[in-house]
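So the structure is just underneath, and the comments pick up after that.
Residue numbers (this note's numbering): 9 to 503.
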């Protein structure tokens, strides 16, 4: 009986601690095993592990199995007698008493005819009862919330720095906290997740709507986590200074970009118009310095024009808040019945709001045609289908490069499935992950990967990209000479 008393005490103690992990329906076996293993080694009394009738591995198996038990017949009245026999003096039994007192264990001694026949199976079922039936009640009780080991560890380090660091007056608490958050996000090793200070968040939102002050160059983190120039924009300070596609920016004003997130690097490059910035660039084996005067970059979010009478050219720079409305206005302005081809320029378009791309795809598709599917950590797959019947029966040509990503790729895949579509240019980036911008009370934000998206027929292009039907490379000289070989090739092929 002694061994089972201890089993019950430990099981009840852990059931109260375990609520911090998750509901048992979402709790993996590995997480249960690892957390319980860590917990058991912290217990002051491990006599039960030495009992010849219960091995450590057996004990773990009992605990893990309880999470897998479905609809057991709980023997609560048998458990209650054992609970009543415990001497409420030790630290662990006080916690058990707390659970009873606060109705985490729903028993009433006046209604039970108690007996002594308690088995291992009874204990197993009672543990499962506590975790499953009373989980929400435990979760709502602040006093029963566990102290997570790693949260405590992080807090201890923070307090130690504040207490003992000699130069603590030279560093703000905000800087310490922001540094810790950045460290956590960087440990994800996800180039698309980042912590953003209030200013970085504003810069990010401005970029989606093309409200920019900077040098006018589209950049990306390449596979080596280097800041690579995709292309300098037409008429931009970057183009005038001589920056070229493929250049690697290694430092900004002497600040090394190694290990920086894309937001951090761009924040260093951007700045008020009229100010100067020094970029050190690696081009091949040479290192070059560029001194560039920042300017207000006036690039329309969306522009449309008729080319050679029968082609409508749509230039979409980003999928911002206003992108859908501007595309819709252009399609309404130019009578599509009089044109043969729609050319959509998505070069150096990094994406933006998922919903913006979905609504634009809806303008071209027929009702009930699938646009995209998304899946998140809960495993559910959510399919989004066209809601209107605005099918535009035209030949569609996309212009792409390696800076074409995310929402841009969603639009291409959706229209490729149902329309007469051809892709010209270079292979796209291949970003099939889904991010959310999660805001905090100080106006900072966390851009976090929360899922994946799939094209029609559940096709994924993540880390693969979309290969063009017709490969056309744009050289640095083409950009300097304002020559567009991709558009020229499409116009030749549509004659």
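All residues carry an ideal CB built from backbone N, CA and C; glycine is no exception.
Check                                                                                                                                                                                       : Outcome
What would DSSP say about residue 361, mapped onto helix, strand or coil?                                                                                                                   : coil
Once DSSP output is grouped into helix, strand and coil, what is the label at residue 382?                                                                                                  : strand
On the CB-based measure, 16 or more other CB atoms within 10 Å of its CB, does residue 270 come out buried or exposed?                                                                      : buried
Residue 394 and residue 376: beta carbons closer than 8 Å?                                                                                                                                  : yes
Helix, strand or coil: how does DSSP classify residue 413 here?                                                                                                                             : coil
On the premise that residue 380 lies in contact with residue 462, defined as a C-beta separation below 8 Å, what is that separation, rounded to the nearest angstrom?                       : 7 Å
Considering only residues of the same chain and omitting the five flanking positions on each side of residue 440, which have a CB-CB separation below 7 Å?                                  : 460, 461, 468, 469, 470
Which word fits residue 255, buried or exposed, when buried means at least 16 other C-beta atoms lie within 10 angstroms of its C-beta?                                                     : buried
Where residue 383 and residue 489 are concerned, what is the direct C-alpha to C-alpha distance, given to the nearest angstrom?                                                             : 44 Å
Checking 8 Å against the spacing of the C-beta atoms, do residue 349 and residue 318 come in under that value?                                                                              : yes
If you check the beta carbons only, do residue 324 and residue 347 fall under 8 Å apart?                                                                                                    : no
Tell me the rounded alpha-carbon separation between residue 40 and residue 419.                                                                                                             : Residue placement at residue 40 cannot be trusted, given a pLDDT of 47 that sits under 50; what the coordinates show is reported in the next sentence. Straight-line Cα distance between these residues: approximately 41 Å.
If you draw a straight line from the C-alpha of residue 388 to the C-alpha of residue 295, how long is it?                                                                                  : 49 Å
Please state the DSSP three-state secondary structure of residue 234.                                                                                                                       : coil
In the DSSP output, which residue or residues are listed as bridge partners for residue 240?                                                                                                : 225
Which parts of the segment 416-451 are runs of the beta strand (DSSP E), unbroken and 3 residues or longer, counting only runs that do not cross its ends?                                  : 429-433, 441-447
Use the C-beta contact count for residue 240: other C-beta atoms within 10 angstroms, 16 or more gives buried, fewer gives exposed.                                                         : buried
Give every residue of the same chain whose Cβ lies closer than 6 Å to the Cβ of residue 73, excluding the five residues on either side of it in the sequence, and list them in chain order. : Per-residue confidence for residue 73 stands at a pLDDT of 49, beneath the threshold of 50, marking its modelled position as unreliable; the derived number appears in the next sentence. For residue 73, where only same-chain residues beyond five positions count, there are no Cβ hits under 6 Å.
Run through DSSP, which three-state label would residue 336 get?                                                                                                                            : helix
Pop quiz: residue 446 and residue 456 are said to be a contact at Cβ under 8 Å. What is the actual Cβ separation, rounded to whole angstroms?                                               : 6 Å
Among the residues of its own chain, which have a CB less than 6 Å from the CB of residue 229, if the five just before and after it don't count?                                            : 199, 270
Contact between the segment 247-263 and the segment 305-314: three or more CB pairs below 8 Å?                                                                                              : no
Determine the direct distance from the alpha carbon of residue 231 to that of residue 337, and round the result to whole angstroms.                                                         : 38 Å
According to the neighbour-count rule (16 or more other Cβ atoms, all chains shown, within 10 Å of its Cβ), is residue 157 buried or exposed?                                               : exposed
Quick one: using the 10 Å Cβ neighbour count with 16 as the cut-off for buried, is residue 206 buried or exposed?                                                                           : exposed
How many angstroms separate the CA atom of residue 280 from the CA atom of residue 211?                                                                                                     : 12 Å
Can you tell me where the beta strand (DSSP E) holding residue 407 begins and where it ends?                                                                                                : 403-408
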